[in-house]
Amino acid sequence: MLRTRWLAALAGFLGAMLAAAPSLAEDAPRYGFAAGAFASSFIGGDSGPVTPLSETLYSDTFGTGFGLRLEAYRDFDSGWRGQVGLVYASWGGENFVGGEFPAGAQFGDFSLTGIYIGGRYPIGQGEGFRPYVLGNLGLVYLSELSVVSGGSTIPYWSGRWRDYIEVGAGVAKRTSGGTWTLDVRLQTFGAPEPATWPIGAATAGTSLLFGVGYEWERRR
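Numbering (our numbering), first residue to last: 771 to 990.
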């Protein structure tokens with residue numbers, strides 16, 4: 771279902787870009803590169819099966835994570851930005867007691883790596899801090915994961931490609947050498963592939979990202 775929604779959203783995005791192509795072609799394009807780092811905390815999703823007696827949340831089994839992103843972008847005088855990027859995020863595993871592990875289990879580290887395309891649009895005008903909204907769609911590879919319980923290592927998730935959606939808002943501040951950005955994003959990825967059923971059954975995960983970035987602009 772998430773894959774279907776992702777494909778529909780991607781088709782809509784591409785359709786909107788094609789519809790806007792004539793007006794964008796009249797703009798004076800600028801291109802550049804951006805790099806950023808962020809902290810990530812899970813706020814939604816189940817990292818294990820849900821039963822009448824218990825629920826295993828991503829926030830129960832993984833601590834605060836950190837990540838990096840690299841982007842190439844193209845700006846237009848109309849305000850729109852098109853971007854393509856690479857993203858990496860990693861979360862440290864926590865010791866969890868409950869759910870399928872009443873005696874406790876140590877979750878391993880979990881990460882995602884992927885590529886996305888998206889757009890950004892500024893809100894208002896001004897030479898100071900300029901707010902913006904953004905959205906990205908992509909595919910990410912979710913890492914394998916094992917848990918250790920009772921002295922035994924249990925395969926929990928298999929590595930798998932999944933859908934990726936990101937929306938957010940932030941502010942940009944232009945300087946003499948480039949542009950600094952601060953933003954908050956909501957990141958969602960598709961459900962991991964269980965390696966051991968049913969203990970590894972999980973849902974999509976949602977995390978909140980707090981990021982800082984820097985942009986280098988070049989004119990055509």
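C-beta atoms are modelled at their ideal positions from N, C-alpha and C, and glycine is treated no differently.
Check your understanding: Helix or strand or just coil, what does DSSP make of Thr-831?
Key -> DSSP places Thr-831 in helix when its eight states are reduced to three.
**Study point:** Beta-ladder partner(s) of Tyr-926, from DSSP
**Key:** The secondary-structure analysis by DSSP pairs Tyr-926 with nothing; it has no beta-bridge partner.
Point to revise | Proximity below 8 Å, CB of Gly-806 to CB of Arg-839 | key: Cβ distance < 8 Å, so Gly-806 and Arg-839 count as in contact.
Check your understanding: So is Ser-946 buried or exposed if we call it buried at 16+ other beta carbons inside 10 Å?
Key -> Burial call: exposed.
Practice item. Please list, in chain order, all residues of the same chain as Gly-835 whose beta carbon is under 6 Å from its beta carbon, the five residues on each side excluded. Key: So the qualifying residues of the chain are Ser-810, Ala-859, Ser-860 and Trp-861.
**Study point:** Contacting residues, own chain, Cβ-Cβ under 8 Å from Tyr-891 (five flanking each side not counted)
**Key:** So the list reads Gly-849, Trp-850, Arg-851, Tyr-902, Val-903 and Leu-904, once near-sequence residues are dropped.
Exercise for review: Give me the Cβ distance between Tyr-984 and Gly-948, rounded to the nearest whole Å; I'm assuming they're in contact under 8 Å.
Suggested key: With a Cβ gap of about 6 Å, Tyr-984 and Gly-948 count as contacting.
Practice item. Assuming Leu-956 contacts Phe-808 (C-beta within less than 8 Å), just tell me the rounded distance between them. Key: With 8 Å as the limit, Leu-956 and Phe-808 do not qualify as a contact, their Cβ atoms being about 12 Å apart.
Review point. Taking DSSP as the reference, what is the three-state secondary structure of Trp-986?
Key: In the three-state reduction of the DSSP assignment, Trp-986 falls in the strand class.
Check your understanding: How many angstroms separate the CA atom of Phe-886 from the CA atom of Leu-912?
Key -> Residue 886 is actually Tyr in this sequence, not Phe. Each residue's alpha carbon lies about 14 Å from the other.
Review point. Of all the beta strand (DSSP E) runs that stay within the bounds of the segment 841–929, which reach a length of 3 or more residues?
Key: You should have 851–863, 865–868, 871–877, 880–892, 900–912, 915–919 and 922–928.
Review point. What residue range is occupied by the uninterrupted beta strand (DSSP E) comprising Ile-813?
Key: That run of the beta strand (DSSP E) goes 800–814.
Check your understanding: Thinking C-alpha only, which one of Thr-923, Gly-981, Lys-943 and Leu-823 is nearest Pro-872?
Key -> Measuring from the Cα of Pro-872, the nearest candidate turns out to be Leu-823.
Practice item. Specify the secondary structure class of Ala-795 as computed by DSSP and reduced to three states. Key: Confidence at Ala-795 is low in this model, with a pLDDT of 45, below 50, so the placement of that residue should be treated as unreliable; the coordinate-derived value is given next. Helix.
Check your understanding: Between the beta-carbon of Gly-815 and the beta-carbon of Thr-966, is there less than 8 Å?
Key -> Cβ distance not < 8 Å, so Gly-815 and Thr-966 don't count as in contact.
Point to revise | Asp-847 burial status per 10 Å Cβ neighbour count (16 or more: buried) | key: The residue is exposed, with fewer than 16 neighbouring Cβ atoms inside 10 Å.
Review point. So, using beta-carbon positions, are Gly-802 and Trp-950 closer together than 8 Å?
Key: Not closer than 8 Å, so no.
Check your understanding: Nearest-angstrom Cα distance between Phe-880 and Arg-900?
Key -> Straight through space, the alpha carbons of Arg-900 and Phe-880 are spaced by roughly 35 Å.
**Study point:** Nearest neighbour of Val-813, chosen from Gly-975, Gly-889 and Arg-988 [CA to CA]
**Key:** Per the sequence shown, the amino acid found at residue 813 is Ile instead of Val. The candidate whose alpha carbon is nearest that of Ile-813 is Gly-975.
**Study point:** Ser-977, buried or exposed, once every other Cβ within 10 Å from all chains shown has been counted against 16
**Key:** Flag for Ser-977 reads buried.
Review point. Who are the Cβ neighbours of Arg-930 in its own chain at under 6 Å, not counting the five residues just before and after it?
Key: For Arg-930, same chain residues with a beta-carbon under 6 Å away, outside a window of 5 residues either side, are Leu-912 and Glu-963 in chain order.
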